[in-house]
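Below you'll find the structure, written out as structure tokens, and then a few comments.
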């Protein structure tokens with residue numbers, strides 16, 4: 003695959019994730035992990051986007067006491083039938099979350115002591131051992147799901163964007179991670195860092211922000227709040243934005259209140275008739291005396307041109 007094709011492929015995965023997939027529906031953030039975990043719904047969206055059809059091969063590894071399935075999911079291109087990749091998933095009734103189920107008081111009291119327990123966590127829950135055969139279909143579905151997610155990650159090469167299997171983490175374990183490792187939990191739910199602005203980008207944007215503040219469309223706080231939604235500023239850049247009002251005030255004071263030599267000279271040169279020329283001539287007296295002589299000469303020359311016409 004050419005580099006351009008790889009870039010296009012990655013861009014498509016990112017675009018699908020941005021435009022279609024939703025957090026906690028198609029993927030989730032597991033406390034303590036550094037990247038999102040792909041859910042079955044997300045795998046289905048990616049397979050649809052890349053036109054991948056799936057097929058399953060089930061291997062029954064069950065024993066008298068344990069229900070266990072190993073599933074291989076094969077991804078095939080819907081248009082040409084080419085096999086794109088495979089993924090393997092396994093599930094067993096020996097997993098902690100399948101070995102026990104919640105029980106009411108009457109059932110709990112009637113169950114032998116070696117087949118019941120009180121699970122401590124955020125709350126205390128009475129549980130009894132499950133019958134593996136009752137969970138056969140659930141376990142098979144879980145193995146299928148794990149295999150499909152693995153296949154999707156392999157086929158779409160999105161392993162750098164998504165993890166797998168962690169979505170099956172026991173809820174109590176997730177709660178334990180959140181309560182006992184808050185820093186990791188916070189890192190798992192943190193939003194990606196916003197990009198910074200290069201000096202060149204910042205200089206261009208400063209022109210825009212200065213105009214916005216000059217026209218009183220936004221104040222400094224409004225500009226900073228808007229910028230904070232799209233990029234990260236350095237302390238120096240923040241101070242530069244805060245200094246815009248003072249800069250505008252200094253520029254206003256520096257600007258002359260009356261006509262300048264250049265403005266009067268320009269008015270004389272652009273006068274199209276005697277009235278306009280006389281209005282420009284009236285401004286000559288506002289100019290410092292040492293600069294008036296060339297303006298008077300320009301007036302005389304322009305008047306001669308108008309009379310010649």
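Numbering (our numbering), first residue to last: 3 to 311. Think of the CB as a built atom: it goes at the ideal place given N, C-alpha and C, for glycine as much as any other residue.
#1: When you compare only the Cα positions, how much space is there between residue 102 and residue 38?
#2: Residue 94 and residue 141: beta carbons closer than 8 Å?
#3: I need the straight-line Cα distance from residue 148 to residue 13, nearest angstrom please.
#4: Tell me where the alpha helix (DSSP H) around residue 162 begins and ends.
#5: Can you pull the DSSP bridge partners for residue 54?
#6: Return the CA-CA distance between residue 157 and residue 75, expressed in angstroms with no decimal places.
#7: Alpha carbon to alpha carbon, what distance is there between residue 231 and residue 281?
#8: Roughly how many angstroms separate the alpha carbons of residue 133 and residue 118, rounded to a whole number?
#9: Are there 16 or more other CB atoms within 10 angstroms of the CB of residue 267, so buried, or fewer, so exposed?
#10: Enumerate in chain order the residues of its own chain whose CB-to-CB distance from residue 84 is below 8 Å, with the five nearest sequence positions on each side excluded.
#11: Would you mind sorting residue 201 into buried or exposed? The rule is 16 or more other CB atoms within 10 Å of its CB.
#12: Rounded to the nearest angstrom, what separates residue 289 and residue 300 at their Cα positions?
#13: Would you mind working out which of 305, 18, 208 sits nearest residue 241, comparing C-alpha positions?
#14: Quick check on DSSP: helix, strand or coil for residue 233?
#15: Give me the Cα-Cα distance between residue 164 and residue 42, rounded to the nearest whole angstrom.
#16: What did DSSP end up calling residue 73 once you bin it into helix, strand or coil?
#17: Between residue 47 and residue 18, is the Cβ-Cβ spacing less than 8 Å?
#18: If residue 113 and residue 40 are in contact, beta carbons under 8 Å, what's the gap, nearest whole angstrom?
#19: Count the other C-beta atoms from every protein chain shown that fall within 10 angstroms of the C-beta of residue 306, then say buried if there are 16 or more, exposed otherwise.
#20: Nearest-angstrom Cα distance between residue 212 and residue 246?
#21: So residue 1 is in the alpha helix (DSSP H); what residue range does that whole segment cover?
#22: When the distance is taken between beta carbons, is residue 145 closer than 8 Å to residue 97?
#23: Kindly indicate the opening and closing residues of the alpha helix (DSSP H) around residue 104.
#24: In terms of residue numbering, what span does the alpha helix (DSSP H) encompassing residue 282 cover?
#25: Hey, would you say residue 284 sits closer than 8 Å to residue 308, going by beta carbons?
#26: Using only the alpha-carbon positions, how far apart do residue 234 and residue 206 sit?
#27: Under the three-state reduction of DSSP, which class applies to residue 125: helix, strand or coil?
The structure says:
#1: Looking up residue 102 in the chain shown gives position 100. Looking up residue 38 in the chain shown gives position 36. Cα-Cα distance, rounded: 28 Å.
#2: For the purposes of this step, residue 94 is taken as residue 92 along the chain shown, with counting starting at 1. For the purposes of this step, residue 141 is taken as residue 139 along the chain shown, with counting starting at 1. In this structure, residue 141 lies closer than 8 Å to residue 94 by Cβ.
#3: The residue given as residue 148 occupies position 146 in the chain shown. The residue given as residue 13 occupies position 11 in the chain shown. Each residue's alpha carbon lies about 25 Å from the other.
#4: The residue you call residue 162 lines up with position 160 of the chain shown. Neither: residue 162 is in no alpha helix (DSSP H) and is coded neither H nor E.
#5: What you label residue 54 is simply residue 52 of the chain shown in a count that begins at 1. 79, per the DSSP bridge assignment.
#6: In the chain shown, counting from the first residue as 1, residue 157 sits at position 155. In the chain shown, counting from the first residue as 1, residue 75 sits at position 73. Rounded to whole angstroms, residue 157 and residue 75 show a C-alpha spacing of 11 Å.
#7: Residue 281 sits at position 279 when you count from the first residue of the chain shown. Residue 231 sits at position 229 when you count from the first residue of the chain shown. Straight-line Cα distance between these residues: approximately 52 Å.
#8: Here residue 133 corresponds to residue number 131 of the chain shown, with the count starting at 1. Here residue 118 corresponds to residue number 116 of the chain shown, with the count starting at 1. Those two C-alpha atoms are separated by around 13 Å.
#9: Position 265 of the chain shown holds residue 267. Looking at its Cβ environment, which holds 16 or more other Cβ atoms inside 10 Å, residue 267 is buried.
#10: On the chain shown, residue 84 is found 82 positions in, with the first residue counted as 1. 78, listed in sequence order.
#11: Translated into the one-based positions of the chain shown, residue 201 becomes position 199. Around the beta carbon of residue 201, a 10 Å sphere encloses fewer than 16 other beta carbons of the protein chains shown; the residue is thus reported as exposed.
#12: Looking up residue 289 in the chain shown gives position 287. Looking up residue 300 in the chain shown gives position 298. Rounded to whole angstroms, residue 289 to residue 300 spans 14 Å at the Cα level.
#13: The residue you call residue 241 lines up with position 239 of the chain shown. Per the Cα distances, 208.
#14: Position 231 of the chain shown holds residue 233. In the three-state reduction of the DSSP assignment, residue 233 falls in the coil class.
#15: Locating residue 164 in the chain shown gives position 162, counting from the first residue. Locating residue 42 in the chain shown gives position 40, counting from the first residue. Their Cα atoms are separated by approximately 12 Å.
#16: Residue numbering aside, residue 73 sits at position 71 when the chain shown is read from its first letter. Look at residue 73 here: in three-state DSSP terms it is strand.
#17: Residue 47 sits at position 45 when you count from the first residue of the chain shown. Residue 18 sits at position 16 when you count from the first residue of the chain shown. Yes, the Cβ-Cβ distance between residue 47 and residue 18 is below 8 Å.
#18: For the purposes of this step, residue 113 is taken as residue 111 along the chain shown, with counting starting at 1. For the purposes of this step, residue 40 is taken as residue 38 along the chain shown, with counting starting at 1. The C-beta distance from residue 113 to residue 40 rounds to 38 Å, too long to fall under 8 Å, and the pair is not in contact.
#19: Position 304 of the chain shown, counted from the first residue, corresponds to residue 306. So residue 306 counts as exposed.
#20: Residue mapping note: residue 212 aligns to position 210 of the chain shown, counting from 1. Residue mapping note: residue 246 aligns to position 244 of the chain shown, counting from 1. So the alpha carbons of these two residues sit roughly 6 Å apart.
#21: Summary: the structure shown does not reach residue 1, with the chain confined to residues 3 through 311, and so no result is reported for it.
#22: What you label residue 97 is simply residue 95 of the chain shown in a count that begins at 1. What you label residue 145 is simply residue 143 of the chain shown in a count that begins at 1. No, the Cβ-Cβ distance between residue 97 and residue 145 is not below 8 Å.
#23: To locate residue 104, count along the chain shown from 1; it is residue 102. In the DSSP annotation of this structure, residue 104 is not part of any alpha helix (DSSP H); the continuous beta strand (DSSP E) holding it starts and ends at 102-104.
#24: For the purposes of this step, residue 282 is taken as the residue at position 280 of the chain shown. It spans 276-284 - the alpha helix (DSSP H) in which residue 282 sits, taken as one unbroken run.
#25: For this step, residue 284 is matched to residue 282 along the chain shown. For this step, residue 308 is matched to residue 306 along the chain shown. It is not a contact, given that the beta carbons lie outside the stated cut-off.
#26: Along the chain shown, read from residue 1 onward, the residue named residue 234 stands at position 232. Along the chain shown, read from residue 1 onward, the residue named residue 206 stands at position 204. For residue 234 and residue 206, the distance between alpha carbons rounds to 16 Å.
#27: Against the chain shown, residue 125 aligns to sequence position 123. Note: residue 125 maps to coil in three-state DSSP.
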